[in-house]
Each structure stands twice: as structure tokens, then as C-alpha cells.
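What follows is one structure encoded as C-alpha cells, with my remarks underneath.
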Amino acid sequence: MSILVYTESSKGKIKKASLEAVNYAAEIAAKTGTTATAIIINAGDASLEDLGKAGANKVLHVNNASINASDSQVLTRILNHVAESEASSIVIFSNDLTAKAVAPRLAARMKAGFVPGAVDYPQTDGAFTVNKNVFSGKAIATYQVNSAKKVISLLPNSFQVKTDAAAVAATNFDVPADLLASRIKVKEVKRETNELSLPEAELVVSAGRGMKGPENWGMIEDLAKQLGAATACSRPVSDIGWRPHHEHVGQTGIAIRPNLYIAVGISGAIQHLAGVNGSKTIVVINKDPEAPFFKAADYGIIGDAFDVVPKLIEAVKKFKASQN
Amino acid sequence: MKILVCISKAPDTTAKIAFKDNNTAFDENNVQYIVNPYDEWYALVRALELKETLGGTVTTVSVGGTDMEAIIRKAFAIGADDGVRIDAEPTDAYFVAEQIASYAKQGGFDIILAGKETINYNGSSLGGMLAELLDMPYVSMATKLDVAGTTATIECDIDGGTEVLECDFPLVISAAKGMAEARIPNMRGIMAARTKALNVIAPVAADKLTEVKSYTLAQGRTTCKMIDAENAGSLIEMLHNEAKVI
Chain A
1 MSILVYTESS KGKIKKASLE AVNYAAEIAA KTGTTATAII INAGDASLED LGKAGANKVL
61 HVNNASINAS DSQVLTRILN HVAESEASSI VIFSNDLTAK AVAPRLAARM KAGFVPGAVD
121 YPQTDGAFTV NKNVFSGKAI ATYQVNSAKK VISLLPNSFQ VKTDAAAVAA TNFDVPADLL
181 ASRIKVKEVK RETNELSLPE AELVVSAGRG MKGPENWGMI EDLAKQLGAA TACSRPVSDI
241 GWRPHHEHVG QTGIAIRPNL YIAVGISGAI QHLAGVNGSK TIVVINKDPE APFFKAADYG
301 IIGDAFDVVP KLIEAVKKFK ASQN
Chain B
1001 MKILVCISKA PDTTAKIAFK DNNTAFDENN VQYIVNPYDE WYALVRALEL KETLGGTVTT
1061 VSVGGTDMEA IIRKAFAIGA DDGVRIDAEP TDAYFVAEQI ASYAKQGGFD IILAGKETIN
1121 YNGSSLGGML AELLDMPYVS MATKLDVAGT TATIECDIDG GTEVLECDFP LVISAAKGMA
1181 EARIPNMRGI MAARTKALNV IAPVAADKLT EVKSYTLAQG RTTCKMIDAE NAGSLIEMLH
1241 NEAKVI
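Protein chains in written order, with my numbering: chain A, 1 to 324; chain B, 1001 to 1246.
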């Protein structure tokens, strides 16, 4: 028996969301008296030691260039194979784009009860229950998993990442070639480089139509850079092409829950809130005192972005200087 | 080309969310149900566009009681050719996937489309489960879908970007924003919807792997601390000292 946790690397490092998922798996393993096994596919030169430091008791590396990682069917076969050979009855994912494709497939294959986007540790005394956001963040549902096997994907940024456990040497794990047959061909990959991944970012500066035009985004990027934050935007702004589609947060875009979300010139439509209301602290800057977003904020500034944002940039610079 | 579109219902986005029976059930009182937006705007409308340019049929499939029929007729009014209602309470995604897979196995569909998630349970589960039960490739969060011959070309979101994939029929796709624009049914469509075939079939046995035991409303933020715009810089100290996020 063990708990299997699926992890990924990006740009030579284990993804932060993966480390969080390993923490989560290790905690459940400790609660249920078992161990956590992390699995990673084609990690390249990423330091696999971090998986042990995050709490994995065992680290398996599947190194095989012929794996089509864009095919959820292939990843499902591999993970099912590993889960069987490790006798894992619980499989953990971070609820990212890979998990959205693979986790439900794997759950169906294992006949495992699936809880997508868990926000808390499961209760394991008696019935196995896990909390998950429903109604686009307006409520939380407690799911009971009735099956012996379980697949859970953890909503990223639910917990602070800890890497204080002992490093574990990774073991190479070979998968049978017949699991790798793929009907999906990858024609093109378009990836933005040198940007902080939005779902993983702890600090996010977001802006909307109040910025009046794409040429005014310089100060938003500057504020984000000073804070070490990622940039995001509202739906209208990505629809009219002021900002790239992948920056769009909200109901139809991506849902994020950073520690700090600063919204500049965004009125706060219910669909936008659905994508950000899990953020720990929300700051709203808007010149309209009636903007509905103020009702969902922790801090508010009524004022013109063109006046307020430069003041914030100066204040962050001063703050950073005082910290040194 | 035969396309199957999975349609579910969801409360209108402005519906008040409340629970009843000691917080164990969603309170449907005064709730207006709509076609789940991702199923309608993106999956169904793109299926119809493909049918209109390339020929073929668009069938909808839903799991639910008689109250689902108004939702299915709405899909008919937008342009679906016919629809199937599997007569069972949709208890969880796996149960629904088992029902639809059982129906789809006999259908010979080339493409099976679903919305990326429902706006009430936000699970993003059905497409993947269905693909697994049918042993088909699955592309999730697709933002573009084109078809040439018997090959689908799909653009989908990946971490920090997008990728373009190609896959021969049959396959399962979940549709995200970008795939199509919303369509408003016209009077002819609404009239035609009444006479289109809505077949009701019995469910198959399936395990209840999960169930919701209780609901809690998310805690709203109680107070918003207002900061004078003249003194905007003081926010940064507050974020450090009070909120402790920087």
C-alpha cells in the first residue's frame, strides 16, 4: 500500500504545485499509516531531490523519450501501471491542466472515486471525505468517497509548500512499450517563455478595461515586476486582444488563488470573481466607488489607476529598500 | 460525420446559491436552470458549425429526469438534430459517464464533445471518464476544433501556452472558451424544436463512487478596508504588516 502522487517539472525545476501535491500526499500517508511515492516522467535535468524534501518516501522517474505527454490516454496507462505495481489505492494530482485531462481518465480506469479540486486534507476517520469548491467558489461541498480506490486532485495554492524532509534518491522506472501507443500527434507547441506561471504565482497583479488601452500596461507590468508577481487580466481585455488569452482569469478563463490579488480597473463581475475569490488577500483599485469588486475585497483604493499605480510602484521600491 | 454533444443543466449564473435539508441538498427554489454554458456555447455550437460546413448529424445526450427536457429542447432550438435523455438522477460524474458511454458505444459517433466543466460542480471530469470508458483519445480544454476528412485538428491550453494536436476519429473533446460564439435560437428553430425526436432510454447499473454529504456557503469577505488614493503607498506596509502576503 502506498499513496502515489503525480509530479511534473518545468524549466529544469519541479513545479511548485507538484511539491505542494507531494506535501499533501505525504500528510495523507502519515495519517493513514502508509508511504508516499512520487512519480515523474521525463524530468530532464530537474533536481529530483526536491520531491523527497517535500515528503516523498520513494521517487520514481520514468525516463523514456517516446512518451507522448500530450496524450492523456498514454499518461493514464502509465499511471495505472505504476499504481498497480506500487499497490497504490490513492493517487494524488495537482489540479492543473494535465490533471484535468488525466485524473478523471485514471479514476475511471481504476474505478476510483474522484474528487477534482480538493481544497483541504481528507477526513480519514470513518468515512473518507474531502472538501471541494462548487458553484464557482460560492460554496464548498463535502464529498464522500465510497470506493476503496481514490483519485484526488488538489487545487493549487491550498497550502504553503514545505521542503524540510530528507532527500530521497530517485529510482528509474521502466514502462512496457505497449503502454505508449498514441493516436494523438503534436503539431505545434506555443509556449510563452520567461513568464511566471499564473496558476502557480503567489502574487498576481491584474488589470481590466479601466486601463483604457494595451499601451498603458507598462505600469501594470512594472508593478508586477517590482513585487515579483505574475500579470493577469479580465475577460473583456483578453477578448479585444489587449492581453494574451492565457492571462484571462475568471469563470471562462483560469481560476487562481494567489496569496495576493491586486485588481486594477476591474469592476468585479460575478464571472470574474468566480476565478479569483479563492485568493487570500484581494486589493481593488477602481475609480468607481460603486464597483461591485469592493464588496469582495480586503483592501480598496478609490482612485484613478494612472495616479494610484505609480504611487504603489514607488512604495514597493521603498519597501524593498527598507528590507535590505 | 456523426457528432454527439453531452448536455447538462446548470443554475443560471446569477442564481442565489442556497442549501436545504440541513445543508445536504441544493435549494432549487426560484432557481432558473439553463443549458450548462460550456456545453451550449462552445461544444454544441461548434458541433453545429462543423455539421453545417461538412455535413452530418448532431445528437445530444443528457442524463436526468423529465425536467431535463426543457434543456434538451433548447439545444434542439439552437440546431441539434435529435437527442437522448437517459432517465436517471445524475448523481456523480462517474455515474453520468457510465450512462453516456453505454449509449455512445452503440452510436458510432466520430466526435464526442462536452463542455470543459459544469458551472455548478466545476469538476471537469465527464470528458476524461467517458474517453476512458470508450477507450478513445481525449483532448481537454480545447479552444479550437477543425475537421478535414476523418481527422480533427484541435488547439488546447497547456501550462503557459497552447498546443495544436491532430487526431483521427473517433475521439472525445472538452470545449473551453474560444471554440465558438453563443447562438440565440430563432423562431424557426424554436418551432422545429418541438417536433424533433427526443428519445428516453433506461439507465444502466453503475456504482456510486462518490456522493456529496453536505454543503457550506463560502465565507464572504466581511469588510473592505479603504485607503485614501493620496496615501496609496501605505497599502504596501499593510500588505506586509497586517495581511502578511508580501
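C-beta: ideal position from N, C-alpha, C; glycine also. The structure displayed is predicted, hence computed values, not measured ones.
Pairwise C-alpha distance: residue j and residue i
i         : j         : result
B:ALA1131 : A:GLY12   : 32 Å
A:ALA43   : A:LYS15   : 11 Å
B:GLY1079 : B:SER1102 : 25 Å
A:LEU106  : A:ASN64   : 20 Å
A:LYS138  : A:PRO289  : 24 Å
A:THR344  : B:ILE1119 : Here chain A comprises residues numbered 1 to 324, so residue 344 of chain A is not present and cannot be evaluated.
A:GLY218  : A:ILE254  : 23 Å
B:ALA1104 : A:THR34   : 40 Å
A:LYS185  : A:ALA108  : 24 Å
A:ILE302  : A:SER9    : 41 Å
A:SER89   : A:LEU4    : 8 Å
A:PRO292  : A:GLY300  : 11 Å
B:PHE1109 : B:GLY1178 : 23 Å
A:ASN157  : A:LYS287  : 30 Å
A:GLU49   : A:GLU20   : 15 Å
A:ALA30   : B:ALA1142 : 38 Å
A:ASP174  : A:ILE40   : 12 Å
A:ASN216  : A:ASP222  : 11 Å
A:ALA56   : A:HIS246  : 32 Å
A:THR32   : B:ALA1093 : 26 Å
A:GLY275  : B:GLY1123 : 14 Å
B:ASN1186 : A:THR37   : 56 Å
B:GLY1220 : A:ALA46   : 40 Å
B:GLU1155 : B:GLU1163 : 6 Å
B:GLU1040 : B:ALA1075 : 7 Å
A:SER153  : A:PHE114  : 8 Å
B:GLU1242 : B:GLY1233 : 15 Å
B:VAL1063 : B:LYS1196 : 18 Å
A:ILE92   : A:GLN123  : 15 Å
Whole-angstrom C-beta distance between residue j and residue i, which should lie under 8 Å
i         : j         : result
B:ALA1218 : A:ILE140  : 6 Å
B:LYS1116 : B:ALA1175 : 6 Å
A:SER206  : A:TYR261  : 7 Å
B:LEU1050 : B:VAL1147 : 6 Å
B:PHE1019 : B:ASP1027 : 6 Å
B:LYS950  : A:ASP298  : Any answer about residue 950 of chain B is impossible in this case: the structure gives chain B only from 1001 up to 1246.
A:ALA101  : A:PRO116  : Not a contact, Cβ separation roughly 12 Å.
A:GLU202  : A:ASN259  : 5 Å
A:ASN198  : A:ALA230  : Strictly speaking, residue 198 of chain A in this sequence is Leu, with Asn absent from that position. Sure, about 5 Å apart at Cβ, within 8 Å.
A:LEU51   : A:VAL59   : 5 Å
B:ILE1017 : A:PHE135  : 5 Å
B:ILE1112 : A:PHE319  : 53 Å between Cβ atoms; not a contact.
A:ASN23   : A:PHE159  : 6 Å
Per-residue contacts from residue i into chain C (C-beta, under 8 Å)
i         : result
B:SER1140 : No chain C is part of this structure, whose protein chains are labelled A and B.
Residue i burial status per 10 Å Cβ neighbour count (16 or more: buried)
i         : result
A:ASN172  : exposed
B:ASP1157 : buried
B:GLY1065 : exposed
B:GLN1099 : buried
A:ASN95   : buried
A:VAL204  : buried
B:ARG1046 : buried
B:LEU1134 : buried
B:GLN1106 : exposed
B:ALA1205 : exposed
A:GLN144  : buried
A:ARG243  : buried
A:SER18   : buried
A:GLN73   : buried
A:ASN133  : buried
A:PRO176  : exposed
Closer than 8 Å: residue i CB and nearest the ligand SAM heavy atom
i         : result
B:GLY1115 : No copy of the ligand SAM appears in this structure; indeed no ligand is present at all.
Along the stretch 1209-1224 of chain B, where does the CB come closer than 9 Å to a CB of chain A? Name the residues. Listed in sequence order: LEU1209, THR1210, GLU1211, VAL1212, LYS1213, SER1214, TYR1215, THR1216, LEU1217, ALA1218, GLY1220, ARG1221, THR1223, CYS1224.
Is it the case that the stretch 202-216 of chain A contacts the stretch 264-274 of chain A, given that we only count it when at least three CB pairs across the two stretches are under 8 Å? Yes, the stretch 264-274 of chain A touches the stretch 202-216 of chain A.
Chain A contacts made by the stretch 1158-1171 of chain B, where a contact means CB separation under 8 Å: From the stretch 1158-1171 of chain B, only ILE1158, ASP1159, GLY1160, GLY1161, THR1162, GLU1163, VAL1164, LEU1165, GLU1166, CYS1167, ASP1168, LEU1171 have a Cβ closer than 8 Å to chain A.
Between the stretch 1121-1138 of chain B and chain A, which residues of the former have CB atoms less than 7 Å from a CB of the latter, in chain order? Cβ contacts with chain A come from TYR1121, ASN1122, GLY1123, SER1124, SER1125, GLY1128, MET1129, ALA1131, GLU1132, LEU1133, PRO1137, TYR1138.
Within 8 Å of chain B by C-beta, residues of the stretch 134-160 of chain A in sequence order: Here the close residues are VAL134, PHE135, SER136, GLY137, LYS138, ALA139, ILE140, ALA141, THR142, TYR143, GLN144, VAL145, ASN146, SER147.
Taking only beta carbons into account, state which residues of the stretch 258-273 of chain A come closer than 7 Å to chain B, listed in chain order. Cβ contacts with chain B: ASN259, LEU260, ILE270, GLN271.
Would you call the stretch 1003-1011 of chain B and the stretch 1034-1042 of chain B touching, i.e. three or more CB-CB distances under 8 Å? The answer is yes - the stretch 1034-1042 of chain B touches the stretch 1003-1011 of chain B, with three or more Cβ pairs under 8 Å.
Check distances from the C-beta atoms of the stretch 1051-1062 of chain B to those of chain A and list, in chain order, the residues that come in under 9 Å. Flagged: no residues at all.
At least 3 beta-carbon pairs within less than 8 Å: the stretch 1052-1069 of chain B vs the stretch 68-84 of chain A: Judged by Cβ distances under 8 Å, the stretch 1052-1069 of chain B makes no contact with the stretch 68-84 of chain A, as fewer than three pairs qualify.
Where the stretch 105-119 of chain A meets chain B: residues whose CB sits under 9 Å from a CB there: If you check each beta-carbon in the stretch 105-119 of chain A against every beta-carbon of chain B, the ones closer than 9 Å belong to ARG105, LEU106, ALA107, ALA108, ARG109, LYS111, ALA112, GLY113, PHE114, VAL115, PRO116, GLY117.
Contact residues within the stretch 179-190 of chain A, judged by C-beta distance below 7 Å to chain B: Listed by position, the residues of the stretch 179-190 of chain A near chain B (Cβ gap below 7 Å) are ARG183, ILE184, LYS185, VAL186, LYS187, GLU188, VAL189, LYS190.
Got a sec: which bits of the stretch 286-303 of chain A sit with their beta carbon under 8 Å from any beta carbon on chain B, in order along the chain? Hits within the stretch, in order: PHE294, LYS295, ALA296, ALA297, ASP298, TYR299, GLY300, ILE301, ILE302, GLY303.
With 8 Å as the C-beta to C-beta threshold (strictly closer), list the residues of the stretch 52-78 of chain A near chain B in chain order. When C-beta distances to chain B are compared with 8 Å, the residues of the stretch 52-78 of chain A below that value are SER70, ASP71, SER72, GLN73, THR76, in chain order.
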